[in-house]
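These notes concern the structure reproduced below.
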Amino acid sequence: PHERSHERDFVLGPICDICDSDLAHPTQGAKLRDLLSGLRPTMALERVFPLGRQVHSLDGRTLIMGILNVTPDSFSDGGKHTSVTAAVAHAAEMVRAGADVLDIGGQSTRPNAEIVPSDKEQERVVPVIEAIRQNGIDIPIS
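Mapping of the sequence shown onto the UniProt record's numbering: position 90 corresponds to residue 90, and the numbering continues sequentially without gaps.
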C-alpha cells in the first residue's frame with residue numbers, strides 16, 4: 001500500500017466499506033476503522049452505484065422498481081399486459097408514477113406454474129423491451 005494510505009480518508013473510507021473494518025492496516029497495525037475515525041475528513045465521500053446510464057447515490061432516496069408481467073398466467077395481474085401495446089402503456093404509466101427501473105417478467109412465479117423454456121420467455125419479453133425503447137422510455141430494464 002501507499003506509504004501514507006493510513007492518513008487518507010479517501011483511501012480508508014472505501015476500504016472500510018468493502019472490508020471488515022476490524023482488519024489491521026498492513027504497515028500500521030491499527031484497525032482500519034480506528035485509523036479512519038481519527039482522521040479529519042478532507043472531502044465528503046459519496047457511496048454510489050451505476051445503474052443504466054446514471055450513477056445513483058446510496059445515501060439518496062430509495063429507488064422504485066416497476067414490475068411488468070407479460071405472462072398470460074400471472075397471479076398478480078391476471079395476464080393484463082400480454083399484448084405489446086398494453087405492456088408499453090403500463091410501463092409508461094409506471095414511469096409517470098415514479099418508477100426508476102422496470103423489471104419485465106416472462107415467467108410466472110405463481111405456485112405450480114410451468115417452467116417456460118427460455119426461447120418462449122424471450123418471445124414474450126424482447127418485443128416489449130424493444131417497443132418500450134421505441135416509445136422513448138429510457139430507464140434501466142431488468
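Note that the Cβ used here is the ideal one computed from N, Cα and C, for glycine as well.
A straight line joining the alpha-carbon of aspartate 119 with that of arginine 61 spans about 37 Å. Our two residues, arginine 133 and cysteine 19, have alpha carbons roughly 39 Å apart in a direct line. Residue environment: valine 126 is assigned as exposed (fewer than 16 neighbouring CB atoms within 10 Å of its CB, all protein chains considered). As summarised for the stretch 25-54, the continuous alpha helix (DSSP H) elements at least 4 residues long and confined to that stretch are 32-37, given in chain order. Using a Cβ distance threshold of 8 Å, alanine 87 and valine 101 do not count as a contacting pair. Here the alpha carbons of alanine 89 and glutamate 114 stand approximately 27 Å from one another. In this structure, DSSP gives leucine 12 a helical state, which the three-state scheme calls helix. Per DSSP, isoleucine 115 is not a residue of any beta strand (DSSP E), being assigned neither H nor E. Here the alpha carbons of glutamate 46 and aspartate 138 stand approximately 25 Å from one another. For leucine 63, the closest C-alpha among the options Leu12, Ala99 and His81 is that of Ala99. Residue Met65 holds the alpha-carbon nearest to the alpha-carbon of aspartate 103 among Gln122, His81, Met65 and Arg110. Collapsing the DSSP output to three states places isoleucine 18 in a helix. Assigned with DSSP and collapsed to three states, isoleucine 129 falls in helix. Excluding five sequence positions before and after glutamine 122, the CB atoms of its chain that fall closer than 8 Å to its own CB belong to Gly106, given in chain order.
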